[in-house]
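K.L.:
In my numbering, the protein residues as written are 27 to 670.
All residues carry an ideal CB built from backbone N, CA and C; glycine is no exception.
The structure is given below, and queries will be raised subsequently.
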């Protein structure tokens, strides 16, 4: 509970006002001045948000009071998510779900003074009463209906909860709950609109109903509603860009939720969560803005956290039984290759500016704002290294470098999968490889060949250590040494690999690991000044120098703002989703020393984020944390794979 309180407070204090906030306060000011809502001021939202915001205005604390209300709503939502997770999937799952919600709700603009925080609170409260409410059906469904009605009073999209709730009643064969539920929905709506009829007269009441529900068709199809801006995006490219940004921020959550659904037999409540997440996510078709993810997020998060449950029976996947390990890896590789190929093609188009309609520059304007607010060094990241492989040259296509990086990352994904199979089993191995692939693919246009090769060498060093003999530890060290030559901060993996050798009792292997790690950097340092240039000055090639005196000072040339923004988004995802899930590997019993090593390596790599100029090194920790996530969510004994 303390963690949730702190997270809610931290994000609430980092909020600024958006356009909707201004509109809501203007309507609230009209109400306080004695004006008539929906007559003297128009907005296509139900009335509760306007009347609620009169409270901070009345006490003279407009922004602070509004933020306090949002913070209280989000704290209540996190507590409800916590309770749902506890009661359905166990305490660990509940804690993970609450932490994921408290952090990721900020990415969905859930700490802005808008309708979503309050709507989500009452949607979750309604879901809680439906699933875990009193035993008496009348009381349970009446309370669920009242909560749903209040949610509708904040945002019309909460109407989607009605068919979802009726479906849940039908699946649970609790048909007697229909009437009390619908009565409960009607009560708060009748009170709020009835109060407007009584206080402001029939014209105001009719206008309130019209602007709350009657303009739905125009709102979904038109750029304005009877002269009031509706903020509809008419250009499909800009809409797609917004959707891409949202999917990039929440793709691991979607992946983990899907993995839980495929791995476990779906319960009736799981079906409800799945349908609710899909239904509310479908509103992105109407508006693809980030806050339209808010209503779907808690249900997606609860599904993802359900993977921690030890009581849910696993599905039998006949395909896995009919494949040997080599065939399974080939099939996995085909999936990864398809994902990387698609992203490589799109990245090449963006980086080379082969197709860039003028309208998308409006979105790129937003990208510039986000990037400048997040990181002051957008166009040239420092890149000191002993060696660098760079196939990018100004005036030439980036396709060659992107494709080569994709091939190296494909090999890395396969090695990640094999490590996961050896440690946790096939399902976890595939989830680890898929998580790695789906996260790294977003920034294919940003990573250099050196980046991709360093990642491949890091996972190869882990594979050698997992299957360790003395000679394999030497190979492990050599791979790590080359990775350090390419990315000096890769040396942070050494303590984790040494820890693994210690935990396995392979103390005799430590000198071999250290010798292999030091060999390549020392060999390069002994050849100070040696250089193998590219085809022309400034062109791509391989350069070798001495640290810290003549370090290679190449860098990342950001040629496309969207690619750069996705890189920053994925570095955030590593903290907001991947790390909390990976940390749950420590809660597994019996605890695996492999899981400890992976989490230690990933955590040490994340220390690079503390040095702001190396924020782009996030991808070095990705393979380790992807494996830890898979171990936390899907690790359980299964035939033919997995180690304790």
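Applying the 10 Å Cβ sphere with the 16-neighbour rule, what's the burial state of residue 432?
P.N.:
By 1-based counting over the chain shown, the position of residue 432 is 406. Residue 432 should be labelled buried.
K.L.:
Checking the sheet assignment: what are the DSSP bridge partners for residue 255?
P.N.:
Counting from one through the chain shown, the residue named residue 255 turns up at place 229. 250.
K.L.:
Suppose you measure from the CA of residue 234 to the CA of residue 76; what does that come to, to the nearest Å?
P.N.:
The sequence position of residue 234 within the chain shown is 208, counting from 1. The sequence position of residue 76 within the chain shown is 50, counting from 1. When rounded, the distance between both Cα atoms is 12 Å.
K.L.:
Let me see if you follow: with CB-CB separation under 8 Å, is residue 320 close to chain C or not?
P.N.:
In the structure shown, chain C cannot be found, because there is only a single protein chain.
K.L.:
Taking the C-alpha atoms as reference points, what is the distance between residue 578 and residue 475?
P.N.:
For the purposes of this step, residue 578 is identified with residue 552 of the chain shown, where counting begins at 1. For the purposes of this step, residue 475 is identified with residue 449 of the chain shown, where counting begins at 1. A caution first: residue 578 carries a pLDDT of 39, below 50, which makes its placement in the model unreliable, though a value can still be read off. One C-alpha to the other measures close to 15 Å.
K.L.:
Check residue 46 in the structure and name its three-state DSSP category.
P.N.:
Looking up residue 46 in the chain shown gives position 20. In the structure shown, residue 46 sits in a helix (DSSP, three-state: H, G or I).
K.L.:
Return the CA-CA distance between residue 592 and residue 601, expressed in angstroms with no decimal places.
P.N.:
In the chain shown, residue 592 corresponds to position 566, counting from 1. In the chain shown, residue 601 corresponds to position 575, counting from 1. Computed Cα separation, rounded: 14 Å.
K.L.:
Just verifying my parser: in three-state terms, what is the DSSP assignment at residue 290?
P.N.:
Reading the chain shown from its first residue, position 264 is the one you call residue 290. Strand at residue 290.
K.L.:
Do residue 648 and residue 465 have their C-beta atoms closer together than 8 Å?
P.N.:
The residue given as residue 648 occupies position 622 in the chain shown. The residue given as residue 465 occupies position 439 in the chain shown. Yes, these two residues count as a Cβ contact at 8 Å.
K.L.:
Within the same chain, show all residues whose beta-carbon is closer than 6 Å to that of residue 303, passing over the 5 residues directly before and after it, in chain order.
P.N.:
Residue 303 sits at position 277 when you count from the first residue of the chain shown. So the list reads 322, 325, 326, once near-sequence residues are dropped.
K.L.:
Tell me, please, which residues DSSP counts as bridged to residue 67.
P.N.:
Here residue 67 refers to the residue found at position 41 when the chain shown is read from its first residue. Per DSSP, 63.
K.L.:
Which residues bound the alpha helix (DSSP H) around residue 229?
P.N.:
Numbered from 1 along the chain shown, position 203 holds the residue referred to as residue 229. That run of the alpha helix (DSSP H) goes 228-235.
K.L.:
What three-state label does DSSP hand residue 371 in the structure shown?
P.N.:
As a first step, residue 371 is located in the chain shown; it is residue number 345 there, counting from the start. Residue state, collapsed to three classes: helix.
K.L.:
Our contact map puts residue 22 next to residue 443 with C-beta atoms below 8 Å; I'd like the distance itself, whole angstroms only.
P.N.:
The requested residue 22 does not occur in the structure, where the chain is confined to residues 27 to 670.
K.L.:
Considering only C-alpha positions, which residue in the set 435, 173, 167, 279 is nearest to residue 362?
P.N.:
Taking the chain shown and counting its residues from 1, the one referred to as residue 362 is at position 336. When only C-alpha atoms are compared, the closest one is 435.
K.L.:
Residues in the same chain with beta-carbon distance under 8 Å from residue 402, minus the five sequence neighbours each way, listed in chain order, please.
P.N.:
Counted from its first residue, the chain shown places residue 402 at position 376. Any reading at residue 402 needs caution, since the residue's pLDDT is 48, under 50, leaving its predicted position unreliable; the model's value is listed next. Closer than 8 Å at the Cβ level, and outside the excluded window around residue 402, lies no residue.
K.L.:
In the structure shown, what three-state DSSP assignment does residue 381 receive?
P.N.:
Indexing the chain shown from 1 puts residue 381 at position 355. If DSSP states are grouped into helix, strand and coil, residue 381 belongs with coil.
K.L.:
Given that a residue counts as buried once 16 or more other Cβ atoms are within 10 Å of its Cβ, and exposed if not, what is residue 262?
P.N.:
If you number the chain shown from 1, residue 262 lands on position 236. Label assigned to residue 262: exposed.
K.L.:
Would residue 498 be called buried (16 or more neighbouring beta carbons within 10 Å of its own) or exposed?
P.N.:
Residue 498 sits at position 472 when you count from the first residue of the chain shown. Buried, by the Cβ-count rule.
K.L.:
Does DSSP classify residue 115 as helix, strand or coil?
P.N.:
Indexing the chain shown from 1 puts residue 115 at position 89. DSSP places residue 115 in helix when its eight states are reduced to three.
K.L.:
Name the two residues that bound the continuous alpha helix (DSSP H) containing residue 310.
P.N.:
For this step, residue 310 is matched to residue 284 along the chain shown. Counting along the chain, residue 310 falls outside any alpha helix (DSSP H), and DSSP gives it neither H nor E.
K.L.:
Cα separation between residue 653 and residue 621?
P.N.:
The count along the chain shown starts at 1 and reaches residue 653 at position 627. The count along the chain shown starts at 1 and reaches residue 621 at position 595. In a straight line, the C-alpha of residue 653 is about 8 Å away from that of residue 621.
K.L.:
Quick one: measure Cβ to Cβ for residue 522 and residue 630, integer angstroms, because I've assumed they're closer than 8 Å.
P.N.:
One-based indexing of the chain shown puts residue 522 at position 496. One-based indexing of the chain shown puts residue 630 at position 604. Yes, residue 522 and residue 630 are in contact; Cβ-Cβ is about 6 Å, under 8 Å.
K.L.:
Distance, Cα to Cα, residue 248 vs residue 384?
P.N.:
Translated into positions along the chain shown, residue 248 becomes position 222. Translated into positions along the chain shown, residue 384 becomes position 358. The straight-line gap from Cα to Cα measures roughly 22 Å.
K.L.:
Just verifying my parser: in three-state terms, what is the DSSP assignment at residue 88?
P.N.:
Residue numbering aside, residue 88 sits at position 62 when the chain shown is read from its first letter. Three-state result, residue 88: helix.
K.L.:
If you run the structure through DSSP and keep just helix, strand and coil, what is residue 349?
P.N.:
Against the chain shown, residue 349 aligns to sequence position 323. Here residue 349 sits in coil by DSSP.
K.L.:
Taking the alpha helix (DSSP H) that residue 586 falls in, what are its first and last residues?
P.N.:
For the purposes of this step, residue 586 is identified with residue 560 of the chain shown, where counting begins at 1. Note, residue 586: premise wrong, no alpha helix (DSSP H); not H, not E.
K.L.:
Identify the continuous alpha helix (DSSP H) that holds residue 456 and give its terminal residues.
P.N.:
Residue 456 sits at position 430 when you count from the first residue of the chain shown. Residue 456 -> alpha helix (DSSP H) spans 452-466.
K.L.:
For residue 524 and residue 103, what's the separation of their Cα atoms in angstroms?
P.N.:
As a working note, residue 524 is residue 498 in the chain shown. As a working note, residue 103 is residue 77 in the chain shown. Rounded to whole angstroms, residue 524 to residue 103 spans 42 Å at the Cα level.
K.L.:
Can you name, in chain order, every residue of its own chain whose Cβ lies under 6 Å from the Cβ of residue 526, other than the five neighbours on each side?
P.N.:
Taking the first residue of the chain shown as position 1, residue 526 is located at position 500. Cβ within range, chain order: 491, 623.
K.L.:
Output yes or no for whether 8 Å exceeds the beta carbon distance between residue 174 and residue 164.
P.N.:
Within the chain shown, residue 174 is the residue found at index 148, counting from 1. Within the chain shown, residue 164 is the residue found at index 138, counting from 1. For residue 174 and residue 164, no; Cβs fall outside 8 Å.
K.L.:
Terminal residues of the continuous alpha helix (DSSP H) containing residue 605?
P.N.:
Residue numbering aside, residue 605 sits at position 579 when the chain shown is read from its first letter. Here the alpha helix (DSSP H) through residue 605 covers 605-609.
K.L.:
Using a Cβ-Cβ cutoff of less than 8 Å, which residues in the same chain neighbour residue 313 once the five nearest sequence positions on both sides are dropped?
P.N.:
Here residue 313 refers to the residue found at position 287 of the chain shown. Excluding positions up to five away in sequence, the list reads 257, 258, 259.
K.L.:
Closer than 6 Å by C-beta to residue 473: which residues in its own chain qualify, once you throw out the five before and the five after it? Chain order, please.
P.N.:
On the chain shown, residue 473 is found 447 positions in, with the first residue counted as 1. Here the set comprises 431.
K.L.:
From what residue to what residue does the alpha helix (DSSP H) around residue 199 run?
P.N.:
Taking the first residue of the chain shown as position 1, residue 199 is located at position 173. No alpha helix (DSSP H) holds residue 199; DSSP gives it neither H nor E.
K.L.:
Under the rule that 16 or more other beta-carbon atoms within 10 Å means buried, what is residue 162, buried or exposed?
P.N.:
Here residue 162 corresponds to residue number 136 of the chain shown, with the count starting at 1. Its Cβ having fewer than 16 others within 10 Å, residue 162 is exposed.
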